[in-house]
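Heads up, the thing below is written out as structure tokens.
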Amino acid sequence: MNMDIVLGLQWGDEGKGKFIDLISENYDITARFNGGANAGHSIERNGKRITLKMIPSGIFMKGVQNVIGTGTVLDPVSFKKEILNLQRFDETLQPEKNMIISRKAHLVLPTYKLLDIFMEESPDYTTIGTTRNGIAQTYSNKILRQNLRVGDLYSSDFKSRVEHILKRDYRLLASGDMVLPSFDEISQEFFEAIDFLKKFKCTETEIYLNKALSEGKSILAEGSQAAMLDIDHGTYPYVTSSSTTAAGACGGLGISPKKMGEIYGIAKAYCTRVGNGVFPTELFDETGEEIRMKGNEFGSNTGRPRRTGWLDLPALKYAVMINGVTQLVLTKADVLSGLKSVAVCTHYELENGTIEAVSGILPESARPVLKWMDGWNADFSKMKSISELPKELTEFLAFLEEELAVPVAYLSTGPGREQILKMK
Ligand code: IMP
């Protein structure tokens, strides 16, 4: 059996949650391999929407085992809140029974979230526009080899090691003018959350997952954030701090690249981004605002308005290339419905006159070359078959397939769970 992967191909918020929710019932296991509570995967259950941050999207599926893998960063305080919230949403949920956590996943300590805010607000550092979940601080402490992992919470000196780090960070935070919560307050909240976390099985998830594959079980690896936010390949420094790519799924879960199956890449029919950073096709006009309002483009994690712009093919080609995408899932084409014409950026023209058709660099000076196509106008709300798709949208999809050399396998036609068409 192989591991299939679902990944975002732009700057996040492509609608991964909905697609994963749709297909996760076909798998035995869903596994998160990167990121932490910075993610916001919205799914629909019994007509109500819920946003998952740290918890894998298979959590509501009976018979699906969920794994929080080694490449993730786990914030015990946020984890506890999320689980309690999910249990309020669905009283039958028993996550202790269908979720396991890697002993090697790194812990987000409460001071990391304070340091995230501190750095975002200090003129001494570049402001990234983070979600303020302490993601970069956790991954950087991991790389510095100064951090604690989930497995450490069983060691006898865990409390003193945590307090050592918290005190060290408090000394640094005291150099700024931030109003800080009391040390006792954050420390008490953290250790209460650790007691809660101990109810869950923490184990060597690499061994669990590889054994599952050898027994013929299927795994869906669930990416968070997206290709253009990848720490290595994204629009650095305005990126997240983890590996968001297909290769990141192998590293983050401890599964060989030889065992990869389908790689589903999710992209919107346009682009959005939250936080700072280069965005060559960004729209600052009424169309950009219309897309934001119609597409409800407000961060599911932070509520921030998302920046909007036309589809960026050079960046999308790059994302397809570095991930080896085998099937494309296009979302939110319905949001563009009613526009007379829609644009796609096919190339960038750089200052020195060169043209780039595939790019992961996206220089500030890149001038997007737009191809205008006829817009579509249709009622997507009840669409059941691809034969009902407007001709202009079919042409748009054919153009994307030709440019990207990947089939559009699914087309999402609205926010509802059932609003998706299987194209191939
Ligand atoms: P961080 O991951 O919180 O450190 O934020 C770094 C950058 O990634 C910021 O621009 C965030 O807005 C962005 N980001 C992080 N997680 C997500 C996500 O799940 N969707 C979209 N953008 C994200």
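For the sequence shown, position 28 matches number 67 in my numbering, and the numbering has no gaps at all.
Beta carbons: idealized from backbone N, C-alpha and C, even for Gly.
Since this is a predicted model, take the numbers as computed values, not measurements.
> Measuring CA to CA, which of Glu390, Gly338, Thr279 and Cys310 is closest to Gly262?
Replying inline: Taking the sequence shown and counting its residues from 1, one reaches residue 262 at position 223. Ranking Glu390, Gly338, Thr279 and Cys310 by Cα distance to Gly262 puts Thr279 first.
>> Against chain C, with Cβ distances strictly below 8 Å, would Gly327 count as a contact?
In response: Among the chains in the structure shown there is no chain C, since it carries only a single protein chain.
> Who are Phe222's beta bridge partners in DSSP?
Replying inline: By 1-based counting over the sequence shown, the position of residue 222 is 183. Its beta-bridge partners do not exist; DSSP assigns none.
> Three-state secondary structure (DSSP) at Asp351?
Replying inline: Position 312 of the sequence shown holds residue 351. In this structure, Asp351 counts as strand in the three-state DSSP scheme.
> Nearest-angstrom Cα distance between Asn416 and Lys423?
Replying inline: As a working mapping, residue 416 is identified with position 377 in the sequence shown. As a working mapping, residue 423 is identified with position 384 in the sequence shown. C-alpha separation (whole angstroms): 16 Å.
> At which residues does the alpha helix (DSSP H) containing Gln126 begin and terminate?
Replying inline: Translated into positions along the sequence shown, residue 126 becomes position 87. Counted as a single uninterrupted DSSP element, the alpha helix (DSSP H) harbouring Gln126 occupies residues Pro115 to Phe128.
> In whole angstroms, what is the alpha-carbon distance linking Thr165 and Tyr275?
Replying inline: Taking the first residue of the sequence shown as position 1, residue 165 is located at position 126. Taking the first residue of the sequence shown as position 1, residue 275 is located at position 236. The straight-line gap from Cα to Cα measures roughly 11 Å.
> Exposed or buried, Leu183, counting other C-beta atoms within 10 Å across all chains shown (16 or more means buried)?
Replying inline: Residue 183 sits at position 144 when you count from the first residue of the sequence shown. The residue is exposed, with fewer than 16 neighbouring Cβ atoms inside 10 Å.
> What's the call for Met267, buried or exposed, on a 16-neighbour Cβ count within 10 Å?
Replying inline: One-based indexing of the sequence shown puts residue 267 at position 228. It is buried - the Cβ of Met267 has at least 16 other Cβ atoms within 10 Å.
> In terms of residue numbering, what span does the alpha helix (DSSP H) encompassing His203 cover?
Replying inline: For the purposes of this step, residue 203 is taken as the residue at position 164 of the sequence shown. Segment Phe197 to Leu212, the alpha helix (DSSP H) holding His203.
>> Which complete beta strand (DSSP E) runs does the region 358–426 hold, if anything under 3 residues is left out?
In response: 366–370, 380–388 and 406–413
> So, Thr109 versus Lys143, is the Cβ gap smaller than 8 Å?
Replying inline: Against the sequence shown, residue 109 aligns to sequence position 70. Against the sequence shown, residue 143 aligns to sequence position 104. Against a cut-off of 8 Å, the Cβ pair of Lys143 and Thr109 comes out as a contact.
>> With a threshold of 6 Å on Cβ separation, who are the neighbours of Pro95 within its own chain once the five nearest residues in sequence on each side are excluded?
In response: Taking the first residue of the sequence shown as position 1, residue 95 is located at position 56. Hits under 6 Å: Thr69, Arg71, Asn105 and Glu261.
>> Am I right that Gly304 and Val364 are in contact with their C-beta atoms under 8 Å? What's the rounded C-beta distance?
In response: Position 265 of the sequence shown holds residue 304. Position 325 of the sequence shown holds residue 364. By a beta-carbon distance limit of 8 Å, Gly304 contacts Val364. Their separation comes to about 4 Å.
>> Give me the DSSP bridge partner(s) of Ile140.
In response: Position 101 of the sequence shown, counted from the start, is the residue given in the question as residue 140. Under DSSP, Ile140 forms a beta bridge with Ile107 and Cys241.
>> From the DSSP secondary-structure annotation, give me the bridge partner or partners of Glu261.
In response: What you label residue 261 is simply residue 222 of the sequence shown in a count that begins at 1. For Glu261, which the question treats as bridged, DSSP gives the partners Val45 and Arg71.
> Can you tell which of Lys297, Asp373 and Lys87 has its C-alpha closest to the C-alpha of Arg331?
Replying inline: Along the sequence shown, one-based indexing puts residue 331 at 292. Checking every option, the nearest Cα to that of Arg331 belongs to Asp373.
> Looking only at C-alpha atoms, which of Asp114, Ser141 and Phe99 sits nearest to Pro134?
Replying inline: By 1-based counting over the sequence shown, the position of residue 134 is 95. Residue Phe99 is the option with its Cα nearest to Pro134.
>> I'd like the list of long-range same chain contacts for Phe230, defined as Cβ closer than 6 Å, with 5 residues on each side in sequence excluded.
In response: As a working mapping, residue 230 is identified with position 191 in the sequence shown. Contacts found: none.
> Apart from the five residues just before and just after Ile225, which ones in its own chain have a Cβ nearer than 6 Å to its Cβ?
Replying inline: Taking the first residue of the sequence shown as 1, we reach residue 225 at position 186. So the list reads Pro149, once near-sequence residues are dropped.
>> Rounded to whole angstroms, what is the Cα-Cα separation between Phe318 and Gly342?
In response: Start at 1 with the first residue of the sequence shown, and residue 318 comes out as number 279. Start at 1 with the first residue of the sequence shown, and residue 342 comes out as number 303. Rounded to the nearest angstrom, the two C-alpha atoms are 20 Å apart.
> According to the Cβ coordinates, are Arg456 and Asp60 closer than 8 Å?
Replying inline: Counting from one through the sequence shown, the residue named residue 456 turns up at place 417. Counting from one through the sequence shown, the residue named residue 60 turns up at place 21. Yes; because the gap between Cβ atoms is below 8 Å, this pair is in contact.
> In terms of alpha-carbon separation, which member of Ala358, Val445, Ile204 and Thr169 lies closest to Gln185?
Replying inline: Within the sequence shown, numbered from 1, the residue matching residue 185 stands at position 146. That would be Ile204, whose Cα lies nearest to the Cα of Gln185.
> Based on the DSSP output, what are the partners of Ile302 in its beta bridges?
Replying inline: Counting from one through the sequence shown, the residue named residue 302 turns up at place 263. DSSP lists Ile44 as partners of Ile302.
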